[in-house]
Amino acid sequence: MAKMNILQAVNNALHIAMEDNEKVMVFGEDVGHFGGVFRATSNLQEKFGRDRVFNTPLVEQGIIGFANGLASQGSVPVAEIQFGDYIFPAFDQIVNETAKFRYRSGGQFSVGSLTIRTPYGGGIAGGHYHSQSPEAFFAHCPGIKIVIPRNPYQAKGLLLASIRDDNPVLFMEPKRLYRASVGEVPEEDYQLPLGKAEVVKEGSDITLLAWGAQMEIIEKAAEMAEKDGVSSEIIDLRSIQPWDADTICQSVEKTGRLLINHEAPLTGGFAAEVAATVQERCFLNLESPIARVCGLDTPYPLAHEKEYMPDHLKTYEAIMRTMHF
Amino acid sequence: MKNSSPETQESAVTFENMNGAYKLSVLKSMLRIRMVEEEIAKRYPQGKMRCPTHLSVGQECVPAVIGTLLSESDLAVSTHRAHAHYLAKGGDLKAMLAEIYGKQSGCCKGRGGSMHLIDEKVGFKGSTAIVGNTIPIGVGLALSQKLRGKNDITVVFLGDGAIEEGVFYEAANFAVVKKLPVLFVCENNLYSVYSPLKVRQPQGRKICDIASTIGLHSQEGDGNIVAETHRVLTTAIDVCRQGQSATFVELHTYRWREHCGPHYDNDIGYRSEAEFLAWKERDPIELYKTQLYKAKILDAEKLQVMIRQLETEIQDAFQFAETSPYPPSEQAYSPVFAQGVNINIAEVANG
């Protein structure tokens, strides 16, 4: 075991994946010699050479288009989009090509070896275009998996599983925690399952569901509610698509209450999809309406970042409202 | 013809030196494309081909010639107007027609239709209805070929409209930086749906010059003349295969029928009957036949034999497509993901 932050865990996973399989390639804007703007790809080019690790021009739809071509020919591209906010120029390639190739070729081939890494989320005073959480846009697109880790241990195991999964994966890294989240990480190769939520803490009164950087927010809110005698079951969804409805529904059947927290805006966010499924499957178990504590329905603000964020206080208040419905 | 890279020499293999059998094979390929497309147009109103369909009538020369110059391990990607490219790359006529009919025996098991042909067996890595979308994918394919160190190339078919999409510049730029073995084949047919080139791009600026400015080895030529198309493409393919440069060719041609569908549309006012007739006078097949007659490579009997063979093949292929079964309903969710992935949508829908 070694102490690592999320960036070090991601970097460690990439080193292992590239050593393990010579078909793995890493490319994107500035990922080469300097290891990217966050240094997640440090020392990869030095170790694995410029054919396997290289800087691209400023061309997000190109990065994914090139990656689609490479993946369809057997390479294992790990393409980086420098910030989640820059993924929209590549939206067309991801939605119309990456996610569809297996289906539209009638199963002749896919680009399932492709992994797209991108830092997402706010809390770093990044303003409109360095803060967004675009997971729900991609959750609406059958054919691509979406994975979001909450800490270094999860980041390494889930990234290795994503790179080796036979489906394209959008791997979203919580940039607010890149250096802030530090933990013990095994130095050896290991994988964590995709499509499986994790019950982080068991409880009996309410289920709190989040992913990525919002996990520490719901944990903090749960501690506050605990002092008021509320026992929270805390779940990390980990995979947004496909998502683990069974684990969430089993928990709600026990607690009778559900709160979902995400940083993306409320309307059309992934919490809406979870809520729709849970009310369908657990209607008779519910003691109160499903609560959503999410980002504001505004562009991501700079000055109003504090108001925008679905923080632990908003979450605590929503827990108490749900408990006293 | 324009050649913007003076250091590049003309290919040693000239069309004039090719033997009669080769020249007849090009004619047969052009006729095959024409006759397939005309048969689709004839049968389309029956309502059995239910997908939007874009025909290549009038544009047979470029695909027919390039088809003779590529190897099986070369790759190609294409556009919404893909039938000719698919057939020229060695695609299976039966599988293409079955795909247009939405049948399980189609090259994509009926999942795609006319605009979305894919056939890995012949290196046809996909056509797409999103104009420009296959351009960066083709460049990625060329990067994979370069990394493998073989002499294979990727052909990216595109039209004059795709030049207006930003991704053309973006992908071409990268292909030049990396010296990738990619050949962009631009069939300039003057129209994007109902908009003529002159309202979309500045008059006097040539598409091949844009390509040249980006750094691509760039040429232009008459895409209705077999010998000229052959000359331009052989040069481009040589440059590409030798790894000298990513290459671009602009070949001028004209689509005879409407943008999408089986009809002629000269009466609706976006182009004139006179313009169409002028281009029809320059029918690539008639021009080529005349040349072959003059050279005594072709005569009426040879032509009749060729047409009869093609008629039989085409009728058999339509028969195959029309009698093939549709994909079974239980396969509607397959294959979205690799096997073993739980799809929540399916569970919910099934109650």
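Protein chains in written order, with the numbering used here: chain F, 846 to 1170; chain X, 32 to 382.
Ideal Cβ positions, reconstructed from N, Cα and C, are used throughout, including at glycine.
For the beta strand (DSSP E) holding residue i, just list the boundary residues, first then last.
i, result
"F:V898", "V898 to N900"
"X:G171", "X:G171 -> not in any beta strand (DSSP E); alpha helix (DSSP H) instead, spanning T165 to R179."
"F:R1021", "No beta strand (DSSP E) contains F:R1021, which DSSP labels as neither H nor E."
"F:V876", "Unbroken run through F:V876: none, as it is neither H nor E."
"X:E218", "V213 to N219"
"X:K156", "F155 to S158"
"X:V187", "T185 to G190"
"F:Y965", "T960 to Y965"
"X:V198", "Unbroken run through X:V198 is the alpha helix (DSSP H), G197 to V208; no beta strand (DSSP E)."
Could you tell me which residues DSSP pairs with residue i in its beta bridges?
i, result
"F:M870", "F:P922"
"F:I1093", "According to DSSP, F:I1093 bridges with nothing at all."
"F:S950", "Bridge partners of F:S950: none, in fact."
"F:S1084", "F:V992"
"F:G1040", "DSSP lists no partner for F:G1040."
"F:M849", "F:G1028"
"X:D150", "X:F155"
"X:H283", "X:N219 and X:D253"
"X:L100", "Answer is none; X:L100 lacks a bridge partner."
"F:E1182", "Here chain F has residues from 846 to 1170 only, and residue 1182 of chain F is not among them."
"X:S226", "X:S223"
"F:F1016", "F:R962 and F:V992"
What are the boundary residues of the alpha helix (DSSP H) that residue i is part of?
i, result
"F:L1005", "P997 to R1009"
"F:Q890", "L889 to F893"
"X:G51", "G51 to R74"
"F:I1062", "Q1059 to K1072"
"F:G1028", "First-last for F:G1028: V1027 to V1030, but that is the beta strand (DSSP E), not the alpha helix (DSSP H)."
"X:I338", "A331 to T354"
"F:I932", "Counting along the chain, F:I932 falls outside any alpha helix (DSSP H), and DSSP gives it neither H nor E."
"F:T1160", "H1157 to M1168"
"X:L308", "E304 to E312"
"F:A1055", "Counting along the chain, F:A1055 falls outside any alpha helix (DSSP H), though it belongs to the beta strand (DSSP E) covering I1051 to A1055."
"X:L86", "Segment: none, X:L86 is in no alpha helix (DSSP H) and carries neither H nor E."
"F:A984", "E980 to A984"
For a contact meaning CB atoms closer than 8 Å, what does residue i contact in chain B?
i, result
"X:N182", "No chain B appears in this structure, whose protein chains are F and X."
Applying the criterion that 16 or more other CB atoms from any shown protein chain within 10 Å of the CB defines a buried residue, is residue i buried or exposed?
i, result
"X:N34", "For X:N34, the predicted structure reports a pLDDT of 48, less than 50, and the residue's modelled location is therefore unreliable. The matter cannot be settled from this model."
"F:E1068", "exposed"
"X:D298", "exposed"
"F:K1001", "buried"
"F:Q1086", "buried"
"X:K311", "exposed"
"F:I908", "buried"
"X:A380", "Its pLDDT being 37, under 50, X:A380 is placed unreliably by the model, and the measurement read from it follows with that caveat. Exposed, by the Cβ-count rule."
"F:N866", "exposed"
"X:Y357", "exposed"
"X:D105", "buried"
"F:N856", "buried"
"F:E1078", "buried"
"X:G252", "buried"
"F:I969", "exposed"
"F:D1142", "exposed"
"F:E905", "buried"
"X:P37", "The predicted position of X:P37 is uncertain, since its pLDDT is 42 and thus under 50; a value taken from the coordinates is nonetheless stated next. Exposed."
"X:V367", "buried"
"F:M863", "buried"
Going by alpha carbons, who is nearest to residue i out of the options?
i, options, result
"X:V208", "X:L323, X:E69, X:K134 and X:A277", "X:A277"
"X:K229", "X:Q176, X:A348, X:F188 and X:R302", "X:R302"
"X:A369", "F:V1119, F:T1167, F:A1070 and F:Y948", "F:Y948"
"F:K945", "X:L124, X:H147, X:R74 and X:G197", "X:H147"
"X:A113", "X:S145, X:K333 and X:F205", "X:S145"
"F:F936", "F:N996, F:P979, F:R1024 and F:R895", "F:P979"
"X:M337", "X:L55, X:H261 and X:H290", "X:L55"
"X:L329", "X:P83, X:V57 and X:E196", "X:V57"
"X:H290", "X:H111, X:P233 and X:K120", "X:H111"
"X:L62", "X:S360, X:K333 and X:E196", "X:K333"
"F:G1040", "F:S1049, F:A984, F:Y1023 and F:A1066", "F:A984"
"F:L1131", "F:R1009, F:E1152 and F:I1093", "F:I1093"
"F:V1156", "F:T901, F:V904, F:N900 and F:G967", "Position check: residue 1156 of chain F holds Asp in this sequence, whereas Val was assumed. Answer by Cα proximity: F:G967."
"X:V44", "X:P293, X:H261 and X:F279", "X:H261"
"X:D191", "X:F279, X:D183, X:G137 and X:I97", "X:F279"
"F:S976", "F:A1120, F:A885, F:T963 and F:G951", "F:T963"
"F:I894", "F:L903, F:M870 and F:L1022", "Rather than Ile, the amino acid found at residue 894 of chain F in this sequence is Gly. F:G894 has its Cα closest to that of F:M870, out of F:L903, F:M870 and F:L1022."
Is there at least one non-hydrogen atom of the ligand MN closer than 6 Å to the beta-carbon of residue i?
i, result
"F:G919", "Of ligands this structure carries none, so the ligand MN is not represented either."
If you scan the stretch 247-281 of chain X from start to end, which runs of the alpha helix (DSSP H) of 4 or more residues do you find wholly inside it? 257-272
Could you tell me which whole alpha helix (DSSP H) segments of length 4 or greater appear in the stretch 1109-1152 of chain F? 1115-1127
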